[in-house]
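*Asks:* These protein sequences, in sequence, are chains C and Y. 148 is the number that our numbering gives to position 148 of the first sequence; each next residue is one higher, with no gaps. 170 is the number that our numbering gives to position 170 of the second sequence; each next residue is one higher, with no gaps. Okay, handing you the structure first.
There are 2 protein chains.
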Amino acid sequence: MAASIKEVAQRAGVSLGTVSNVLNRPDAVAPQTRQRVLEAIKELGYVRNDSARQLRAGRSRTVAIVVLDVSNPFFTDVVRGAETVVEAAGGMLVVCSSGEDAARERHHLDLLEEQRVRGLLITPVGDDHHDRLERLVARGIPVVLVDRGSGHSHRCSVAVDDRLGGRLAAEHLVECGHRAVAFVGGPLAIPQVADRHAGAAAALAEHGADLRVLETRSLTVAAGRQAAESICALPPAQRPTALFCANDLLALGVLQGLTVGGLRVPQDIALVGYDDIEFAGAAAVPLTSVRQPREQLGRTAAQMLLEEAENDGDHDHRHVVFQPQLVVRQSTAGAQHPPG
Amino acid sequence: MAASIKEVAQRAGVSLGTVSNVLNRPDAVAPQTRQRVLEAIKELGYVRNDSARQLRAGRSRTVAIVVLDVSNPFFTDVVRGAETVVEAAGGMLVVCSSGEDAARERHHLDLLEEQRVRGLLITPVGDDHHDRLERLVARGIPVVLVDRGSGHSHRCSVAVDDRLGGRLAAEHLVECGHRAVAFVGGPLAIPQVADRHAGAAAALAEHGADLRVLETRSLTVAAGRQAAESICALPPAQRPTALFCANDLLALGVLQGLTVGGLRVPQDIALVGYDDIEFAGAAAVPLTSVRQPREQLGRTAAQMLLEEAENDGDHDHRHVVFQPQLVVRQSTAGAQHPPG
DNA sequence: CACGCATTGTGAAACGTTTCATAGCCTCGC
DNA sequence: GCGAGGCTATGAAACGTTTCACAATGCGTG
Numbered sequence: 001m002a003a004s005i006k007e008v009a010q011r012a013g014v015s016l017g018t019v020s021n022v023l024n025r026p027d028a029v030a031p032q033t034r035q036r037v038l039e040a041i042k043e044l045g046y047v048r049n050d051s052a053r054q055l056r057a058g059r060s061r062t063v064a065i066v067v068l069d070v071s072n073p074f075f076t077d078v079v080r081g082a083e084t085v086v087e088a089a090g091g092m093l094v095v096c097s098s099g100e101d102a103a104r105e106r107h108h109l110d111l112l113e114e115q116r117v118r119g120l121l122i123t124p125v126g127d128d129h130h131d132r133l134e135r136l137v138a139r140g141i142p143v144v145l146v147d148r149g150s151g152h153s154h155r156c157s158v159a160v161d162d163r164l165g166g167r168l169a170a171e172h173l174v175e176c177g178h179r180a181v182a183f184v185g186g187p188l189a190i191p192q193v194a195d196r197h198a199g200a201a202a203a204l205a206e207h208g209a210d211l212r213v214l215e216t217r218s219l220t221v222a223a224g225r226q227a228a229e230s231i232c233a234l235p236p237a238q239r240p241t242a243l244f245c246a247n248d249l250l251a252l253g254v255l256q257g258l259t260v261g262g263l264r265v266p267q268d269i270a271l272v273g274y275d276d277i278e279f280a281g282a283a284a285v286p287l288t289s290v291r292q293p294r295e296q297l298g299r300t301a302a303q304m305l306l307e308e309a310e311n312d313g314d315h316d317h318r319h320v321v322f323q324p325q326l327v328v329r330q331s332t333a334g335a336q337h338p339p340g
Numbered sequence: 001m002a003a004s005i006k007e008v009a010q011r012a013g014v015s016l017g018t019v020s021n022v023l024n025r026p027d028a029v030a031p032q033t034r035q036r037v038l039e040a041i042k043e044l045g046y047v048r049n050d051s052a053r054q055l056r057a058g059r060s061r062t063v064a065i066v067v068l069d070v071s072n073p074f075f076t077d078v079v080r081g082a083e084t085v086v087e088a089a090g091g092m093l094v095v096c097s098s099g100e101d102a103a104r105e106r107h108h109l110d111l112l113e114e115q116r117v118r119g120l121l122i123t124p125v126g127d128d129h130h131d132r133l134e135r136l137v138a139r140g141i142p143v144v145l146v147d148r149g150s151g152h153s154h155r156c157s158v159a160v161d162d163r164l165g166g167r168l169a170a171e172h173l174v175e176c177g178h179r180a181v182a183f184v185g186g187p188l189a190i191p192q193v194a195d196r197h198a199g200a201a202a203a204l205a206e207h208g209a210d211l212r213v214l215e216t217r218s219l220t221v222a223a224g225r226q227a228a229e230s231i232c233a234l235p236p237a238q239r240p241t242a243l244f245c246a247n248d249l250l251a252l253g254v255l256q257g258l259t260v261g262g263l264r265v266p267q268d269i270a271l272v273g274y275d276d277i278e279f280a281g282a283a284a285v286p287l288t289s290v291r292q293p294r295e296q297l298g299r300t301a302a303q304m305l306l307e308e309a310e311n312d313g314d315h316d317h318r319h320v321v322f323q324p325q326l327v328v329r330q331s332t333a334g335a336q337h338p339p340g
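Following this line, the structure appears as structure tokens:
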């Protein structure tokens, strides 16, 4: 059914090796022969079998990226950035989603290892799979951590300074006069979440305030709505005057939930998100958010990966850290809160 | 470097075939032997080489989905639905994005054909690549069209009735008293866009109104903002009183652009989107939109694909069509427009 | 005219699996 | 005690490439 190189060779009246040469080193074969082979290929509808090629060549042309959540616009932008670079290099980017679930992440890593992918971009769920990543590297599959700094010097990473991001958010809220601030986000096992919280907590501590935590099960709009409900249920005296959300999806959900519960943003409660996804500025109350260079994150990560895959063996592992940037919009632009 | 089955066999003191049996038919090998083999596997850190497996087995375990735009929440939801089904079946879903670009779509199809994927879910950019899809099917790779009906009876498809969707939107606008309606969307070569437009145009025609078209280059927020600018530039007398956008991204962009240009939604211009993505309800002015069963679309498509891949050869191609549903929100809830 | 060299083409080996026909060994029933 | 038949394990073939050492051919040069 599926024509192989052998049949092409037969039809063109040349040897196996010649057909392979036409495919891979066209210059090494006489124009006339090449022509004959190309015609045979077209006539038979021959398409190269990549499994065989990979098996023989020992290396694949596909690069994988494992993200926490495909539906999160933050990650889709990162993916787009990486895609650009990988495709420009003639490769293919496959996208896998762990859904913030360690088991699914592990499953994906296993399959990708079996496939001997060219390289791996990953935002790990937690710190659970270091050994697995280690093994990939040992096998010659470069790994670049995305949106996550790495203490490990034998691995590249691209990240945004999440502690700084948390600090920026918190300091902005303090300047607006807020003291009773709560952090909405989770699971705290996700390093980005923990860092954003830590940065904000540190900044608040310097001003003698502390940061309550409202841990969520995930970083989704739905989780945000749920969190908002529990905030609305609080007696007004115990309610925080400002919320810092671990990402924009959460913040959008919180915004919806607060509105439903009759609380106004920013008059009753100020709101800061994180990521500055495209929808943050288009929200019912445009969201103050901490912007990350999303596409650039993806591009840089992919570039470093390809570079490492190129000169395998010797390669200086780099750790690129971008700076986040506060974007102030209406969700915190309310009247100054009375201090205390 | 990478241990192969042969070394495992050697270490466990068994033959090649036995190791393979342990991997694929564990019951066919004596418990004691199996144990020895498993230990050898663990000690050597052996991981199966999928290229070799695929080459020999002739079939892959990965299913691909080619969407128009990874950053569009509509598609990420479809992907999530498909993912669920494929992973439950032990497979892997790889996501490719054509970016509404026929050349990229072709490139992806070529690579996927080389990889001999198990099956393909695709929302084609246009009608350009029928021959290529045909060839995939001929090669034994089932193809299911997503979000796109198919005249072709030798192919499954899952779609939502886009003409009906367009009609729902238009009729709602007519009921609100609008007569001067414009359609914002493009490229019109994308079948969904064309159908939504056609449905709306037909409905308006029945009421003696016609539908101006403002064709955009793509279905993105940015394209929407741009379209809004040109609308704001129009002399008020020529301005439509309502806009029907081909999708929600576009509508969100239009909403932003109109606001910037000083036009109020819905008082000055009413707005209807399409898809009812999660962010539609959270927008500055919550968006009236035509809802599609996104995840279900993905799930159904994947199920049909796997089913076809299972019993290859005989298979009844089905064409599932879901009904869209109008969700009315604030962006059209303004005062009744005077007729005319 | 013979020699070396450049240009093309050849055929076999190798990549790491899965599969399949076969062989050895037991046990069971007669 | 012997043949039938069930378990296990074996080894070779096959999957479709790429690669590589080598052969054949033709050409210019000394």
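Idealized CB from N, CA, C, for every residue including glycine.
Within 8 Å, do at least three Cβ pairs link the stretch 240-259 of chain Y to the stretch 95-113 of chain Y?
*Replies:* Touching, no.
*Asks:* Between the Cα of G166/Y and the Cα atoms of G185/Y, H154/Y, C156/Y, which residue gives the shortest distance?
*Replies:* Here residue 166/Y is taken as the residue at index 166 of the second sequence, counted from 1. Nearest of G185/Y, H154/Y, C156/Y to G166/Y, Cα basis: G185/Y.
*Asks:* I'd like to know whether the C-beta of V327/C is nearer than 8 Å to at least one C-beta of chain Y.
*Replies:* Translated into the one-based positions of the first sequence, residue 327/C becomes position 327. It does not: the Cβ of V327/C has no partner Cβ on chain Y nearer than 8 Å.
*Asks:* With a threshold of 6 Å on Cβ separation, who are the neighbours of A302/C within its own chain once the five nearest residues in sequence on each side are excluded?
*Replies:* Mapped onto the first sequence, residue 302/C falls at position 302. A82, V85, V86, listed in sequence order.
*Asks:* Out of V144/C, L211/C, G199/C, S218/C, state which residue places its alpha-carbon closest to the alpha-carbon of E308/C.
*Replies:* The residue you call residue 308/C lines up with position 308 of the first sequence. For E308/C, the nearest C-alpha among the options comes from V144/C.
*Asks:* Run down chain Y in chain order and give the residues with a C-beta less than 8 Å from the C-beta of P73/C.
*Replies:* By one-based count along the first sequence, residue 73/C stands at place 73. Within 8 Å Cβ-Cβ: S71, P73.
*Asks:* Give the straight-line distance between the Cα atoms of Q325/Y and V260/C, rounded to the nearest whole angstrom.
*Replies:* One-based indexing of the second sequence puts residue 325/Y at position 325. One-based indexing of the first sequence puts residue 260/C at position 260. Those two C-alpha atoms are separated by around 23 Å.
*Asks:* Between the C-alpha atoms of R264/C and H178/C, what's the straight-line distance to the nearest angstrom?
*Replies:* Residue mapping note: residue 264/C aligns to position 264 of the first sequence, counting from 1. Residue mapping note: residue 178/C aligns to position 178 of the first sequence, counting from 1. C-alpha separation (whole angstroms): 16 Å.
*Asks:* Could you tell me the boundaries of the alpha helix (DSSP H) in which Q192/Y lies?
*Replies:* The count along the second sequence starts at 1 and reaches residue 192/Y at position 192. Counting along the chain, the alpha helix (DSSP H) containing Q192/Y begins and ends at 191-206.
*Asks:* Going by the beta-carbon positions, is the gap between H129/Y and R106/Y smaller than 8 Å?
*Replies:* Position 129 of the second sequence, counted from the start, is the residue given in the question as residue 129/Y. Position 106 of the second sequence, counted from the start, is the residue given in the question as residue 106/Y. Yes.
*Asks:* Beta strand (DSSP E) containing T84/C: first to last residue?
*Replies:* Start at 1 with the first residue of the first sequence, and residue 84/C comes out as number 84. Segment 73-88 is the alpha helix (DSSP H) holding T84/C; no beta strand (DSSP E) there.
*Asks:* Skipping 5 residues on each side, what residues in its chain have a beta carbon closer than 8 Å to that of A200/Y?
*Replies:* Start at 1 with the first residue of the second sequence, and residue 200/Y comes out as number 200. Once the five neighbours on either side are set aside, the close Cβ partners of A200/Y are G166, R167, A169, A170, V181, F183, L211, F244.
*Asks:* Quick one, are the C-beta atoms of A3/Y and L38/Y less than 8 Å apart?
*Replies:* On the second sequence, residue 3/Y is found 3 positions in, with the first residue counted as 1. On the second sequence, residue 38/Y is found 38 positions in, with the first residue counted as 1. Taking 8 Å as the Cβ cut-off, A3/Y and L38/Y do not qualify as a contacting pair.
*Asks:* Would you say R291/C faces chain Y, with C-beta separation under 8 Å as the test?
*Replies:* In the first sequence, counting from the first residue as 1, residue 291/C sits at position 291. For R291/C, the answer is no, since every Cβ of chain Y falls outside 8 Å of its Cβ.
*Asks:* How close, in whole Å, do the beta carbons of L204/C and V174/C come, if the pair is a contact with beta carbons under 8 Å?
*Replies:* Within the first sequence, the letter at position 204 stands for residue 204/C. Within the first sequence, the letter at position 174 stands for residue 174/C. About 7 Å separates the two Cβ atoms, so the contact holds.
*Asks:* For R135/C, return the contacting residues in chain Y, with the cut-off set at a CB-CB distance below 7 Å.
*Replies:* As a position in the first sequence, residue 135/C is number 135, starting the count at 1. Near R135/C (Cβ distances below 7 Å), the residues of chain Y are G45.
*Asks:* Which parts of the stretch 90-145 of chain Y are runs of the alpha helix (DSSP H), unbroken and 4 residues or longer, counting only runs that do not cross its ends?
*Replies:* Listed in chain order, they are 102-114, 130-138.
*Asks:* What's the gap between the Cα of I231/Y and the Cα of S60/C?
*Replies:* Start at 1 with the first residue of the second sequence, and residue 231/Y comes out as number 231. Start at 1 with the first residue of the first sequence, and residue 60/C comes out as number 60. Cα to Cα, I231/Y sits roughly 49 Å from S60/C.
*Asks:* Which residues mark the beginning and the end of the beta strand (DSSP E) in which E215/Y is found?
*Replies:* The count along the second sequence starts at 1 and reaches residue 215/Y at position 215. It spans 211-215 - the beta strand (DSSP E) in which E215/Y sits, taken as one unbroken run.
*Asks:* With the cut-off set at 8 Å, would you say A280/C and S289/C are in Cβ contact?
*Replies:* In the first sequence, counting from the first residue as 1, residue 280/C sits at position 280. In the first sequence, counting from the first residue as 1, residue 289/C sits at position 289. Their beta carbons are under 8 Å apart, which means A280/C touches S289/C by this criterion.
*Asks:* May I have the straight-line CA-CA distance separating E187/C from K6/C, to the nearest angstrom?
*Replies:* In the first sequence, counting from the first residue as 1, residue 187/C sits at position 187. In the first sequence, counting from the first residue as 1, residue 6/C sits at position 6. Checking the displayed sequence, the identity of residue 187/C turns out to be Pro instead of Glu. Looking at the two C-alpha atoms, the distance is approximately 55 Å.
*Asks:* Would the beta-carbon of Q192/Y fall within 8 Å of that of D147/Y?
*Replies:* Counting from one through the second sequence, the residue named residue 192/Y turns up at place 192. Counting from one through the second sequence, the residue named residue 147/Y turns up at place 147. Yes.
*Asks:* Give the straight-line distance between the Cα atoms of R196/C and S71/C, rounded to the nearest whole angstrom.
*Replies:* Working through the first sequence from its first residue, we reach residue 196/C at position 196. Working through the first sequence from its first residue, we reach residue 71/C at position 71. Cα to Cα, R196/C sits roughly 21 Å from S71/C.
*Asks:* Counting along the chain, where does the alpha helix (DSSP H) carrying T288/C start and finish?
*Replies:* The count along the first sequence starts at 1 and reaches residue 288/C at position 288. Careful: T288/C lies outside any alpha helix (DSSP H), inside the beta strand (DSSP E) at 288-291.
*Asks:* Taking DSSP as the reference, what is the three-state secondary structure of A333/C?
*Replies:* To locate residue 333/C, count along the first sequence from 1; it is residue 333. Correct three-state label for A333/C: coil.
*Asks:* Does the Cβ-Cβ distance between R225/Y and Q256/Y come in under 8 Å?
*Replies:* What you label residue 225/Y is simply residue 225 of the second sequence in a count that begins at 1. What you label residue 256/Y is simply residue 256 of the second sequence in a count that begins at 1. Yes, Cβ-Cβ distance for R225/Y and Q256/Y is below 8 Å.
*Asks:* Straight-line CA distance for G253/C to A223/C?
*Replies:* Counting from one through the first sequence, the residue named residue 253/C turns up at place 253. Counting from one through the first sequence, the residue named residue 223/C turns up at place 223. Roughly 7 Å separates the two Cα atoms.
*Asks:* By the DSSP assignment, the alpha helix (DSSP H) with Q325/C in it spans what residues?
*Replies:* Taking the first sequence and counting its residues from 1, the one referred to as residue 325/C is at position 325. Per DSSP, Q325/C belongs to no alpha helix (DSSP H); it is in the beta strand (DSSP E), 325-327.
*Asks:* So, is L16/Y buried or exposed, given that buried needs 16 or more other C-beta atoms within 10 angstroms?
*Replies:* Position 16 of the second sequence, counted from the start, is the residue given in the question as residue 16/Y. The residue is exposed, with fewer than 16 neighbouring Cβ atoms inside 10 Å.
*Asks:* Would you identify the three-state DSSP class for A270/Y, choosing helix, strand or coil?
*Replies:* Residue mapping note: residue 270/Y aligns to position 270 of the second sequence, counting from 1. Of the three classes helix, strand and coil, the one that applies to A270/Y here is strand, per DSSP.
*Asks:* Is P338/C helix, strand or coil by DSSP?
*Replies:* If you number the first sequence from 1, residue 338/C lands on position 338. Low confidence applies to P338/C: its pLDDT is 48, below 50, so where it sits in the model is not reliable, and the reading given next is rough at best. Coil at P338/C, not helix or strand.
*Asks:* Expressed to the nearest angstrom, what Euclidean distance is found between the alpha-carbon atoms of T216/C and F75/Y?
*Replies:* Numbered from 1 along the first sequence, position 216 holds the residue referred to as residue 216/C. Numbered from 1 along the second sequence, position 75 holds the residue referred to as residue 75/Y. So the two alpha carbons sit approximately 26 Å from each other.
*Asks:* Have a look at the DSSP bridge pairing and note the partners of V66/Y.
*Replies:* One-based indexing of the second sequence puts residue 66/Y at position 66. Answer is C96/Y, I122/Y.
*Asks:* With 9 Å as the limit, tell me which residues of the stretch 102-126 of chain C have their beta carbon closer than that to any beta carbon of chain Y; keep them in chain order.
*Replies:* Cβ contacts with chain Y come from R104, H107, H108, D110, L111, L112, E113, E114, Q115, R116.
*Asks:* In whole angstroms, what separates the C-alpha of P286/C from that of A189/C?
*Replies:* For the purposes of this step, residue 286/C is taken as the residue at position 286 of the first sequence. For the purposes of this step, residue 189/C is taken as the residue at position 189 of the first sequence. Those two C-alpha atoms are separated by around 29 Å.
*Asks:* Between D276/Y, L305/Y, H319/Y, G13/Y, which lies nearest to G140/Y when the distance is taken from Cα to Cα?
*Replies:* In the second sequence, the residue the question calls residue 140/Y occupies position 140. Per the Cα distances, L305/Y.
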